[in-house]
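For reference, the structure is listed below as structure tokens.
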Amino acid sequence: MTVTLYGETYSVYVRFARLALAEKGVPYDLVPVDIFADGGPTPGYLQRHPFGKIPAFDHDGFGLYEALAITRYVDEAFDGPALLPSSPQGRARVNQITALVDSYVYRSMVWGVYTGAISGPKEGLPRDEEQIADGLKRSGTCLDALVDLRGEATWMVGNHPTLADLSLAPMLAYSLAVPEAQQLWNAYPSLHGWWDALTARESMIATKGWDFVA
Ligand SMILES: N[C@@H](CCC(=O)N[C@@H](CS)C(=O)NCC(=O)O)C(=O)O
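This is how it looks when you write it as structure tokens:
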């Protein structure tokens with residue numbers, strides 16, 4: 000059996016796929032893809048992923064792209080702990096949270112806060128205060144919704160880690176590297192135990208892309 004993931008360790012979507020593979024105990028090769036190369040990704044990679052993004056995935060010749068499709072396939076195709084709940088309500092909640100992460104958390108926590116405060120300045124741009132403030136405001140809306148949807152559960156949905164936790168973790172980790180986001184996070188103490196338990200998992204430790212990110 001050969002499982003290959005195409006992508007880079009810095010990518011939140013690649014980390015989501017790596018987390019699912021690690022939680023299931025699936026060995027895989029990580030093949031680097033330079034999506035920012037002059038002229039874009041290679042024609043070979045564009046055949047795997049016509050939109051030129053990462054990750055892409057291959058299992059014995061079965062190719063997939065889109066992190067949600069990849070992680071759902073990994074959950075269903077391999078042994079190991081289930082990453083989706085068994086009840087329709089639980090599965091619906093995971094679908095809702097993973098959609099919310101893709102639609103709103105990525106824009107606010109990664110493109111808003113993290114890019115404005117850390118990755119932009121790393122590339123020589125000034126901190127974008129407007130972008131950071133807007134990202135923080137939207138991050139607050141995301142965190143409010145997540146607290147509400149989680150209710151009294153141990154993990155995001157129910158009593159076992161699911162794709163909801165794994166999709167959110169890489170983006171929240173980037174955001175929490177920014178001091179202003181940490182300050183916002185302090186207003187959400189009900190999520191702190193969940194985050195400590197999640198970041199202590201082997202899958203999270205094994206997929207850290209940068210030292211300053213959880
Ligand atoms: N919807 C895609 C999103 C993937 C995505 O946006 N990946 C980023 C890296 S985290 C990327 O490839 N960005 C390059 C670009 O936008 O050109 C998925 O779920 O796989």
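For what it's worth, numbering that gives the first Met the number 0 labels the leading residue of the sequence shown as 0, then goes sequentially. Glycine included, every Cβ here is placed at the ideal spot set by N, Cα and C.
Residue i (DSSP reduced to helix, strand or coil)
i: residue 41; result: coil
i: residue 144; result: helix
i: residue 119; result: helix
i: residue 82; result: coil
i: residue 232; result: Absent from the structure is residue 232, since the part of the chain shown begins at 0 and ends at 213.
i: residue 176; result: coil
i: residue 55; result: strand
i: residue 154; result: coil
i: residue 127; result: coil
i: residue 185; result: coil
i: residue 160; result: coil
i: residue 96; result: helix
i: residue 69; result: helix
i: residue 220; result: Residue 220 falls outside the range modelled here, since the chain spans only 0 to 213, and no answer is possible.
i: residue 168; result: helix
i: residue 36; result: coil
Enclosing alpha helix (DSSP H) for residue i [first to last residue]
i: residue 15; result: 11-23
i: residue 3; result: It is not in any alpha helix (DSSP H) - residue 3 instead sits in the beta strand (DSSP E) that spans 2-5.
i: residue 209; result: Careful: residue 209 lies outside any alpha helix (DSSP H) and carries neither H nor E.
i: residue 302; result: Residue 302 falls outside the range modelled here, since the chain spans only 0 to 213, and no answer is possible.
i: residue 193; result: 191-198
i: residue 203; result: 201-205
Extent of the continuous beta strand (DSSP E) to which residue i belongs
i: residue 30; result: 28-30
Integer Cβ distance of residue i from residue j, believed to fall under 8 Å
i: residue 54; j: residue 102; result: About 18 Å; that fails the 8 Å criterion.
i: residue 73; j: residue 174; result: Their Cβ separation, rounded to whole angstroms, is 25 Å, which puts residue 73 and residue 174 out of contact at 8 Å.
i: residue 172; j: residue 21; result: That belief does not hold up - the Cβ atoms of residue 172 and residue 21 are roughly 15 Å apart, past 8 Å.
i: residue 161; j: residue 83; result: 6 Å
i: residue 62; j: residue 34; result: That pair is no contact at about 17 Å.
Chain-ordered residues, beta carbon under 7 Å from a heavy atom of ligand 1 = Every residue with a CB closer than 7 Å to a heavy atom of ligand 1 is listed here in chain order: 10, 11, 12, 13, 34, 51, 52, 53, 54, 64, 65, 66, 67 and 101.
Touching by the beta-carbon criterion (3+ pairs, under 8 Å), the stretch 165-184 and the stretch 7-22 = yes
Counting Cβ pairs, one atom from each stretch, are 3 or more of them under 8 Å apart for the stretch 121-133 and the stretch 153-164?
-> Contact between the stretch 121-133 and the stretch 153-164 is absent, because fewer than three Cβ pairs lie under 8 Å.
Does the stretch 106-115 touch the stretch 173-184, meaning 3 or more C-beta pairs lie closer than 8 Å?
-> yes
Cβ contact check for the stretch 90-98 and the stretch 140-153: 3 or more pairs under 8 Å = yes
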